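Accompanying notes for the structure given below.
This is the structure we're talking about:
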């Protein structure tokens, strides 16, 4: 793979997504935060600060997830369905470069999206004089980008061999299960059934443990709840390694397809 070609592909994906007005979602995020800022005091007079902290992080995660799944599953799949993939393959670019370039391009969009939403979120917190752990929020935002990048790799992997709708459903299903894999293991142990326990252990080993990259609650409750530096580095490495594995699978499948 050539870095220059990957960079050009990533840049094209970034520009294409921006032209599709995906970043207008940032304005939508600001609007819902403004609405929550005005409405919450009327319904939660004593706990509105805590609820706003929680709501801002949850909305950021939900918006990022929607963009990731719906855009990510179509990055390669739409090229295949519209047969424009033939134009790419005809150029002096390898299939691995196509996959990696599209992954990096969307990951860059997500990084910009999360960074901008985080800045807006912090402005609202500052404007409302809401006590907030800034360092915790910034760390949670970084890990949200890692989580969304992992889901991007997953969406691309599903998108290279299934239809867009099925890839979307599968990615969303894995996201939901990936957030409760540790709970599934505990459930399997409580069942005391070897079959169920083996199934839950298998799911835990195969599916991504997305809870390791979810620090929303830690951001809301403060730095004292955050894992130590070693745990943060380990979890970040886990996310990057799992993303690389998914991309390797996507490249292998894509390289075997005939067009």
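Residue numbers (my numbering): 29 to 287. The beta carbon of each residue, even a glycine, is placed where N, CA and C say it ideally should be. Small disclaimer: the values here were computed from a predicted structure and weren't measured.
TODO: Note down the Cα distance separating residue 202 from residue 145, rounded to an integer number of angstroms.
DONE: 25 Å
Open item on the list: Along the chain, where does the alpha helix (DSSP H) containing residue 134 start, and where does it finish?
Closed with: 123-155
- [ ] Within the same chain, show all residues whose beta-carbon is closer than 8 Å to that of residue 225, passing over the 5 residues directly before and after it, in chain order.
- [x] 216, 217, 219
Task: Extent of the continuous alpha helix (DSSP H) run through residue 198 - done: In the DSSP assignment, residue 198 falls within the unbroken alpha helix (DSSP H) covering 192-206.
Open item on the list: Within 10 Å of its beta-carbon, does residue 211 have 16 or more other beta-carbons around it, so buried, or fewer, so exposed?
Closed with: Residue 211 comes out exposed.
TODO: Return yes when the Cβ of residue 142 is within less than 7 Å of the Cβ of residue 295, no when it is not.
DONE: Coverage of the chain is limited to positions 29 through 287, which leaves residue 295 absent and any answer about it impossible.
Open item on the list: Using 8 Å for Cβ pairs, my map puts residue 275 next to residue 181. What's the rounded Cβ distance?
Closed with: 5 Å
Open item on the list: Helix, strand or coil, according to DSSP, for residue 101 in the structure here?
Closed with: Of the three classes helix, strand and coil, the one that applies to residue 101 here is coil, per DSSP.
TODO: Tell me, to the nearest whole angstrom, how far the beta carbon of residue 176 is from that of residue 96; I am working on the premise that it is less than 8 Å.
DONE: 5 Å
Open item on the list: Please report the distance separating the alpha-carbon of residue 94 from that of residue 235.
Closed with: 20 Å
Task: Neighbourhood of residue 149 by C-beta, 6 Å cutoff - its chain only, sequence neighbours within 5 removed - done: 84
Open item on the list: For a test of the three-state rule: what should DSSP assign to residue 77, helix, strand or coil?
Closed with: helix
Task: Option nearest residue 231 by Cα separation, candidates 39, 140, 208 - done: 208
Open item on the list: With a threshold of 8 Å, are at least 3 pairs of Cβ atoms found where one atom belongs to the segment 48-65 and the other to the segment 114-122?
Closed with: Not touching, per the Cβ criterion.
Open item on the list: Which residue marks the beginning of the alpha helix (DSSP H) containing residue 39, and which one marks its end?
Closed with: 31-47
Task: Residues near residue 178 by beta carbon distance below 8 Å, same chain, minus five either side - done: 236, 238, 241, 267, 270, 271, 274
Open item on the list: Short of 8 Å in beta carbon distance, which residues of its chain neighbour residue 156, apart from the five on each side in sequence? Order them along the chain.
Closed with: 65, 77, 80
TODO: Check whether the Cβ atoms of residue 124 and residue 277 lie closer than 7 Å to each other.
DONE: no
- [ ] Run the CB neighbour count on residue 193, radius 10 Å, all protein chains shown included, and call it buried at 16 or more, exposed below.
- [x] The residue in question, residue 193, is exposed, as its Cβ has fewer than 16 Cβ neighbours within 10 Å.
Open item on the list: The alpha helix (DSSP H) that contains residue 211, what's its start and end?
Closed with: Residue 211 -> alpha helix (DSSP H) spans 209-219.
Open item on the list: Quick check on residue 116: does DSSP put it in helix, strand or coil?
Closed with: helix
Open item on the list: What residue range does the alpha helix (DSSP H) around residue 236 cover?
Closed with: No alpha helix (DSSP H) holds residue 236; DSSP gives it neither H nor E.
Task: C-alpha gap between residue 47 and residue 88, whole angstroms - done: 21 Å
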